[in-house]
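Have a look at the structure below, then the notes.
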Amino acid sequence: MPEFFLLILLALGGSTAIGSVKIINEKHEALVESLGSYKKKLTPGLNLMVPFIDKVVYQETTREKVLDIAPQSCITKDNVAISADAVVYWKIVDMEKAYYRVENLQKAITNLVLTQIRSEMGKLELDQTFTARSEINEMLLRELDIATDPWGVKVLRVELRDITPSKAVQDSMELQMTAERRKRAAILTSEGERDAAVNSAQGKAEASILNAEADKKSAVLRAEAEAQKEVLKAQATARAMDILMDKMRSDPHAKEALQFILAQDYLTMGKVVGSSESSKIMFMDPANMFSTLEGMRSVLGDLPQDVKGNGY
316 MPEFFLLILL ALGGSTAIGS VKIINEKHEA LVESLGSYKK KLTPGLNLMV PFIDKVVYQE
376 TTREKVLDIA PQSCITKDNV AISADAVVYW KIVDMEKAYY RVENLQKAIT NLVLTQIRSE
436 MGKLELDQTF TARSEINEML LRELDIATDP WGVKVLRVEL RDITPSKAVQ DSMELQMTAE
496 RRKRAAILTS EGERDAAVNS AQGKAEASIL NAEADKKSAV LRAEAEAQKE VLKAQATARA
556 MDILMDKMRS DPHAKEALQF ILAQDYLTMG KVVGSSESSK IMFMDPANMF STLEGMRSVL
616 GDLPQDVKGN GY
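For the sequence shown, the working numbering assigns the number 316 to the initial residue and increments by one for each residue that follows.
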């Protein structure tokens, strides 16, 4: 019988010794109450407690956690129904607040995130929800961090994953995008045709200018060539006359040679004039050519000065 009581005492002593020691793992913390009142916080490692009086009421990790928010229905500023889901990264920074300030911490954070998502989506129009996702994430992070601070929680990051409009809205968006693409294609086509027309007109104008300049240069060159030709012809005639005059002065028989040349030119001129249908032909005797020429010169000498000036 004494051995039985000894075994009971040993068992009670062992359980008391075991109950007075509490081991907390790394990145974990625990809260201890004594007779129903908060006493202390246990940190990682070996911790001593008063048996049958101290009690661990809450133990949780201080590592970063991930909270998956299921898709929720939201209404945008322009009254469009969309579905949005998100993921929230958070951790406990104050174990006492996390346990004593709020009941069911994770559910409270989830409801707060849903409320903030609906609130932020209600401030934006549909198009803004797709283009301003990073700004929405920043606003959600700021608002959630402020709201969860009294609970001893630090919100590290908020990411919107999918923003999905209703089926009717998606169909309308596809029609709008198709119309926008067609509009852009029509604008690009018209701009291309306009540029082509402008380039063609500019090309024609430049070509016309170049042709006109070429014609001008060609006409100038032809005129210069004709003028130079006439000058050379006149110079040649003058030289020929000088040579004939010198020859006639030095050679008494040069007159007969000159008569022969004039007669030959006369016959050639008559042949050319005779070949023209509208020409007026005047017949002269070659034997009397010089007398005829002298008579014409005397006639021309008797004409008035105004007639001579007109080329008669």
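Glycine included, C-beta positions come from ideal geometry on N, C-alpha and C.
Should N625 go down as buried or exposed, given a rule of 16 or more other Cβ atoms within 10 Å for buried?
No answer about N625 holds up, because its pLDDT of 43 lies below 50 and its placement is not dependable.
State the DSSP-derived secondary structure class of D400, mapped to helix, strand or coil.
Three-state result, D400: strand.
Taking the C-alpha atoms as reference points, what is the distance between L327 and L382?
Because the pLDDT of L327 is 45, which lies under 50, any placement of that residue in the model is unreliable, and the number read from its coordinates should be weighed accordingly. So the alpha carbons of these two residues sit roughly 44 Å apart.
Assess, as a yes-or-no matter, whether the stretch 482-502 is touched by the stretch 398-408 under the definition of 3 or more beta carbon pairs within less than 8 Å.
Result no; under three Cβ-Cβ pairs closer than 8 Å.
Within the continuous alpha helix (DSSP H) that includes V428, where are the two ends?
Element bounds for V428: 420-437.
From which residue to which residue does the alpha helix (DSSP H) around A413 run?
410-415 is the extent of the alpha helix (DSSP H) around A413.
Quick one: what does DSSP say L447 is sitting in, helix, strand or coil?
According to the sequence as given, residue 447 is Ala; it is not Leu. Residue state, collapsed to three classes: coil.
Tell me, to the nearest whole angstrom, how far the beta carbon of A401 is from that of V365; I am working on the premise that it is less than 8 Å.
Not quite, the Cβ-Cβ distance comes to about 45 Å (not below 8 Å), so this is no contact.
By alpha-carbon positions, which one of V470, R496, R554 ends up nearest to K380?
Nearest of V470, R496, R554 to K380, Cα basis: V470.
Just list the residues that DSSP pairs D383 with in beta bridges.
DSSP output for D383 lists V402 as bridge partner(s).
Taking 8 Å as the CB-CB cut-off, is S335 touching chain B?
This model lacks chain B altogether, as it is built from one protein chain only.
Of the residues E375, A447, K370, which one's Cα is nearest the Cα of P359?
Out of E375, A447, K370, E375 has the C-alpha closest to the C-alpha of P359.
In this structure, does DSSP put G360 in helix, strand or coil?
It is a strand residue.
Report all residues from its chain with a CB closer than 8 Å to the CB of E341; omit the five preceding and five following residues, and keep chain order.
For E341, where only same-chain residues beyond five positions count, the Cβ hits under 8 Å are P359.
If you run the structure through DSSP and keep just helix, strand and coil, what is K392?
DSSP places K392 in coil when its eight states are reduced to three.
Inspect the beta-carbon positions of D397 and I478 and report whether they are closer than 8 Å.
Reading off the sequence shown, one finds Ile at residue 397, where the question assumed Asp. In contact: I397 and I478 (Cβ atoms closer than 8 Å).
Which term fits G507, buried or exposed, when burial requires 16 or more other beta carbons within 10 angstroms of its beta carbon?
By the neighbour-count rule (16 or more Cβ atoms within 10 Å), G507 is not buried but exposed.
Can you tell me which of the three DSSP states R378 falls into?
Residue state, collapsed to three classes: coil.
Which value, in whole angstroms, describes the spacing of the CA atoms of S335 and V371?
So the two alpha carbons sit approximately 11 Å from each other.
So what's L324 in DSSP terms, helix, strand or just coil?
With a pLDDT of only 44 at L324, under the threshold of 50, the placement of this residue in the model should not be trusted; the figure read from the coordinates follows. Note: L324 maps to helix in three-state DSSP.
Could you give the distance in angstroms between the alpha-carbon of L564 and the alpha-carbon of A555?
Note that residue 564 corresponds to Arg in the displayed sequence, not to Leu. Each residue's alpha carbon lies about 14 Å from the other.
Please state whether DSSP places P480 in a helix, a strand or coil.
Looking at P480 - three-state DSSP - the assignment turns out to be strand.
Quick check on L350: does DSSP put it in helix, strand or coil?
L350 falls in the coil class under three-state DSSP.
What are the start and end residues of the beta strand (DSSP E) that includes I338?
Where I338 is concerned, the enclosing beta strand (DSSP E) stretches over 336-339.
Answer with buried or exposed for T552, where buried requires no fewer than 16 other C-beta atoms within 10 angstroms of its C-beta.
Its Cβ having fewer than 16 others within 10 Å, T552 is exposed.
Rounded to a whole number of angstroms, what is the C-alpha to C-alpha distance between I451 and I502?
When rounded, the distance between both Cα atoms is 34 Å.
Taking all protein chains shown into account, decide if E344 is buried (16 or more other Cβ within 10 angstroms of its Cβ) or exposed.
The residue in question, E344, is buried, as its Cβ has 16 or more Cβ neighbours within 10 Å.
Since K337 and N362 are thought to touch, with beta carbons under 8 Å apart, how far apart are those beta carbons, to the nearest angstrom?
Yes, they are in contact, since the Cβ atoms of K337 and N362 sit about 5 Å apart, within 8 Å.
Rounded to a whole number of angstroms, what is the C-alpha to C-alpha distance between K412 and S487?
The alpha-carbon atoms of K412 and S487 are separated by roughly 49 Å.
Which residues in the same chain have their Cβ closer than 8 Å to the Cβ of F445, if we skip the five residues on either side of it in sequence?
These residues qualify, in order along the chain: I478.
Are the Cβ atoms of L441 and V395 separated by less than 8 Å?
Their beta carbons are under 8 Å apart, which means L441 touches V395 by this criterion.
May I ask you to report which of helix, strand or coil DSSP gives V473?
Looking at V473 - three-state DSSP - the assignment turns out to be strand.
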